[in-house]
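Residue 117 in the UniProt record's numbering sits at position 117 of the first sequence, with consecutive numbering throughout. Some notes on the structure that comes next.
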Amino acid sequence: MQYWLIKSEPETFSWQQQVQNGVEPWTGVRNYQARNNLSAMRCGDLAFFYHSVSDKEIVGVVEVVREAYPDPTAEGEKWVCVDVKARGAFANPVSLAMIKSDPTLSEMALLRQSRLSVAPVRESEWTYLCQLGQWQGK
DNA sequence: GCCAACGTTGGC
DNA sequence: GCCAACGTTGGC
1 MQYWLIKSEP ETFSWQQQVQ NGVEPWTGVR NYQARNNLSA MRCGDLAFFY
51 HSVSDKEIVG VVEVVREAYP DPTAEGEKWV CVDVKARGAF ANPVSLAMIK
101 SDPTLSEMAL LRQSRLSVAP VRESEWTYLC QLGQWQGK
């Protein structure tokens, strides 16, 4: 079981859309490191859904329900996507400012590599953030 | 709107 | 293979 954080600009694809759609293909990744992370995802892995740019906060949790397959929005088979399913919102979204100000989270890949759109999350970070966000899932 | 941090591209 | 120029992401 691995944990992840995936970013989306809410103007492009928001958490609200994810909830409405249920299962959604996570397409459009065009960065090798992010692609490698997508490929490493397994069914049942959980990921934070992060709104970048305008909101800058973790808003919910999704579950990987289909492992990497060729991204239909890309030419050829070079890039991949996974399918993710909404698993519940954070009752209390955790902002980037909060993450930055918390020494417990200072090692997060989100902070160390701000441009990486699909990043791993440590189990300790996952547990801590779920408490902060009051995630109602399990 | 600006800019830092990356990534990519293309000339040499 | 190096590196300058350019493009993109995302925070501020």
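By construction, the Cβ of each residue, glycine as well, lies at the ideal position given by its N, Cα and C atoms. Only a predicted model underlies this, so the values are computations on that prediction, with no experimental measurement involved.
The three-state secondary structure of G60, taken from DSSP, is strand. Judged by DSSP in its simplified three-state form, K7 adopts strand. Residue range 32-40 is occupied by the alpha helix (DSSP H) that includes A34. Non-local C-beta neighbours of V59 in its own chain, meaning closer than 8 Å and more than five positions away in sequence, comprise W15, F49, Y50, H51, A89, F90, P93, ordered along the chain.
Between the alpha carbons of Q17 and K85 lies a distance of about 11 Å.
Here the alpha carbon of A40 sits roughly 27 Å from the alpha carbon of D55. Using a Cβ-Cβ distance cut-off of 8 Å, the segment 24-43 and the segment 73-82 are in contact, since at least three pairs of beta carbons, one from each stretch, lie closer than that value.
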